[in-house]
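Quick note: the sequence shown uses my numbering, first residue 2, plus one each step.
All residues carry an ideal CB built from backbone N, CA and C; glycine is no exception.
None of the values given here were measured: they were computed from a predicted structure.
Notes for the one structure printed next.
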Amino acid sequence: MNFKQLSRSLVLTIFASLFVVLPALAQTESTSQWSSRVWEAASSGNWDAVNSLLLAVPEGDESSLIAFRSQLSEYREHRNAEIEDTILERDKALLEMNTQMLEGNILKAMQSAVKSQTLSNNFDDIMLREDVQQVLARTQEEIEIQLEEGNILTSQMMLFYLRTFYEDTSRRDLHDLWSDKLENVNLQVSLLRQYAPKHLHTLFVERAVILGDDEPEPFNEQSSDNWIERVDGIDKNMVVRSLDLAIGEHMDSVSWSKLIKGGLEALRTLESVPAISETFKNINNKELNASWNSAIKEELATYTEYLKHVPGKRVLIQTLARLLDANENSTKLPEGVILREFGDGAMGQLDKYSGIIWPDEYRRFEQQTKGRFVGVGVVIKENSKGEIMVANPIEGAPAYYGGVQPEDVIVAVNGKSANGWTLNDAVDRITGPKGTAVTLTLRREGLDKTVDLTLTRDTIRLHSVKGWWKKGLREDGEPIWDWFVDDE
């Protein structure tokens, strides 16, 4: 929450008490009109008018009006204290930014720039400062350097902070520019996670050193083959049917040209990430890789011409056939890899909620749509070192009663190292048949040794509707809600 939002939230807190107090008054016409004007101004976001009205509270010696004046005075004292604290924190962040800039720690300097902006009343004021402009320019240069050197995780973080900095400023164009670049880098990181996990682990170690964090656990060699499950069972007809359905059913009018281009661009991105040679050795063969790259370029140059004379679905079928033949005669990537990346790239041209439910994702999708699944009930996320971390245990679930805590790092599941897993990998291994046991090995801050917790999987209910106040939990973990804001 920035300074301006904080101030307004405090004002609204006073309004809540204002409309509890004033109805008790034997209101004069002027008092009634004044309170109505305050509410109307606040509702429309006219904060200048609100502040002016609060400087002109109606006269009167009624106890309720005196109480309101007292609360308003207390609010102003708190607000002034908040303003002073916020200014001090902002100036501290700017000082840290300049110090980090002199030390050559561009990533930390960019973090401090974002922090100082968040603590400012006007985001543009910070953006236009000369020292901040220097940090922004240096960050942009460093992003290119890091990308050229292959430090994609460091560049990803810098892009994230750069995009965040321009959000809610007058330079929406720059926000969109850096957002697009971040999206492209995110795709490359995703490809590394799937097809070059060992290389990605090395990058996480390097980033931990830059940030001054502890290094992640040693790389788990078993995770190198996780990609096989991801592409197992995928065939050409699956991609054709999915894209044909998108053409006919998507809420926006979408063209075959857009989908085919998205698929081809995704394959070009895959080919442009040399680190995937960790899994696919032929990528290192310059002659074979050049042949594959040439085939993709040929399709990008000709698909629009085909679409002028041939129905879109037929063009898609023919394009995939030519690509698979070209791949077989060059880098020999697994067919499922070609099809999945093409399909995801094509669907990526639609809204962020549209996508192909691949065979390895079907069980998770079914759980989500039904609102219940069998597991231990933990919400997980990835920390800065690429490890699987518990965001929080779901209340009433086995993990909640079994002692799992927020920010626990899942080191292993049933004795198998979780290092190198994606979030989906972790979900697949933690969930299972109801009544079966699963052992989570957790690393907990403050403890020298890991903690082993054996939990019994159970049905986890995800509630989309919650009451006003939670009175307790039933024996089966279901919440007991008070559904009424006011019983009367």
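At which residues does the alpha helix (DSSP H) containing residue i begin and terminate?
i, result
"Met159", "153 to 167"
"Ala43", "30 to 44"
"Trp48", "48 to 55"
"Ile303", "According to the sequence provided, residue 303 is Thr. The question's Ile does not apply to it. From DSSP, the alpha helix (DSSP H) with Thr303 extends over 287 to 308."
"Ala400", "399 to 403"
"Val412", "Here Val412 belongs to no alpha helix (DSSP H); instead the beta strand (DSSP E) covers 410 to 414."
"Ala82", "64 to 104"
"Ala419", "Element bounds for Ala419: n/a, residue is neither H nor E."
"Thr119", "107 to 119"
"Leu246", "237 to 250"
"Leu324", "313 to 329"
"Ala347", "336 to 348"
"Trp359", "From DSSP, Trp359 is part of no alpha helix (DSSP H); its letter is neither H nor E."
"Thr432", "Counting along the chain, Thr432 falls outside any alpha helix (DSSP H), and DSSP gives it neither H nor E."
"Ala267", "257 to 272"
"Leu148", "131 to 149"
"Glu1", "Residue 1 falls outside the range modelled here, since the chain spans only 2 to 489, and no answer is possible."
"Ile127", "124 to 128"
Can the beta-carbon of residue i be found less than 8 Å from the beta-carbon of residue j?
i, j, result
"Val316", "Leu308", "yes"
"Val377", "Ala398", "yes"
"Thr437", "Leu454", "no"
"His235", "Gly349", "According to the sequence provided, residue 235 is Ile. The question's His does not apply to it. Going by C-beta atoms, Ile235 is not nearer than 8 Å to Gly349."
"Val190", "Ile153", "yes"
"Arg70", "Val58", "yes"
"Val380", "Asp459", "no"
"Gly1", "Trp359", "This structure gives no information on residue 1, because the portion of the chain shown stretches from 2 to 489."
"Thr442", "Val486", "no"
"Ile277", "Tyr196", "yes"
"Ile297", "Thr332", "no"
"Leu192", "Val311", "no"
"Ser355", "Ala247", "yes"
"Leu424", "Glu383", "yes"
"Glu279", "His200", "yes"
Residues in its own chain within less than 7 Å of residue i by CB, not counting five upstream and five downstream?
i, result
"Phe124", "Gln118, Asp169, Thr170"
"Glu408", "Met390, Val391, Glu446"
"Gly473", "Ile481"
"Val136", "Met98, Met102, Ala110, Met111, Ala114"
"Asp245", "Lys314"
"Thr155", "Leu108, Gln147, Arg208, Ile211"
"Lys182", "Leu160"
"Ala322", "none"
"His507", "Here the chain comprises residues numbered 2 to 489, so residue 507 is not present and cannot be evaluated."
"Lys259", "Gln350"
Note down, in chain order, each residue of its chain lying with its Cβ closer than 6 Å to the Cβ of residue i, except the 5 sequence neighbours on either side.
i, result
"Gly264", "Phe343, Gly346, Ala347"
"Trp470", "Asp483"
"Ser243", "Ile357"
"Asp361", "Glu230, Arg231"
"Gly281", "As written in the sequence, residue 281 is Phe, which differs from the Gly given in the question. Excluding residues within five positions, the ones whose Cβ falls inside 6 Å are Leu334."
"Arg444", "Val410, Val412, Thr451"
Assuming residue i and residue j form a contact by the criterion Cβ under 8 Å, report the distance between their Cβ atoms to the nearest whole angstrom.
i, j, result
"Ile389", "Trp422", "6 Å"
"Leu351", "Val255", "6 Å"
"Leu334", "Lys237", "About 14 Å separates the two Cβ atoms, so there is no contact after all."
"Val186", "Gln157", "5 Å"
"Leu120", "Glu85", "Actually they do not touch by this definition, with Cβ atoms about 12 Å apart."
"Ile431", "Val414", "6 Å"
"Asn221", "Ser418", "4 Å"
I'd like to know if residue i contacts chain E, where contact means its C-beta is closer than 8 Å to some C-beta of that chain.
i, result
"Ile146", "Given the protein chain composition of this structure (a single chain), no chain E is represented."
What residue does the beta strand (DSSP E) around residue i start on, and which one ends it?
i, result
"Ile389", "389 to 394"
"Asp483", "480 to 483"
"Thr203", "Unbroken run through Thr203 is the alpha helix (DSSP H), 198 to 212; no beta strand (DSSP E)."
"Asp352", "Per DSSP, Asp352 belongs to no beta strand (DSSP E) and is neither H nor E."
"Glu383", "379 to 383"
"Arg444", "438 to 444"
"Thr457", "452 to 457"
Once the 5 residues before and after residue i are set aside, which same chain residues still bring their CB inside 8 Å of it?
i, result
"Met159", "Ile107, Leu108, Met111, Thr140, Glu143, Ile144, Gln147"
"Ala302", "none"
"Leu7", "Any reading at Leu7 must be qualified, since the residue scores a pLDDT of 46, below 50, and its modelled position is unreliable; no value is offered."
"Pro217", "His202, Phe205, Val206, Ala209, Lys386, Gly387, Glu388, Asn420"
"Leu26", "A caution first: Leu26 carries a pLDDT of 45, below 50, which makes its placement in the model unreliable, though a value can still be read off. Excluding positions up to five away in sequence, the list reads Thr32, Gly61, Glu63, Ser65, Leu66."
"Asp253", "Leu351, Asp352"
"Phe166", "Met111, Ala114, Val115, Gln118, Met128, Leu137"
Any heavy atom of the ligand SAH within a distance shorter than 7 Å of the CB on residue i?
i, result
"Ile284", "No copy of the ligand SAH appears in this structure; indeed no ligand is present at all."
Next item on the list: Spell out a yes or no on whether the region 284 to 294 and the region 213 to 231 are touching, meaning 3 or more CB-CB pairs, one atom from each, closer than 8 Å.
Entry: no
Checklist line | Given 8 Å, three or more beta-carbon pairs between the region 137 to 153 and the region 80 to 97 | finding: Not touching, per the Cβ criterion.
Item checked: Contact between the region 171 to 183 and the region 400 to 416 (3+ Cβ pairs under 8 Å) -> Remark: fewer than three beta-carbon pairs, one from each stretch, lie closer than 8 Å, so the region 171 to 183 and the region 400 to 416 are not flagged as touching.
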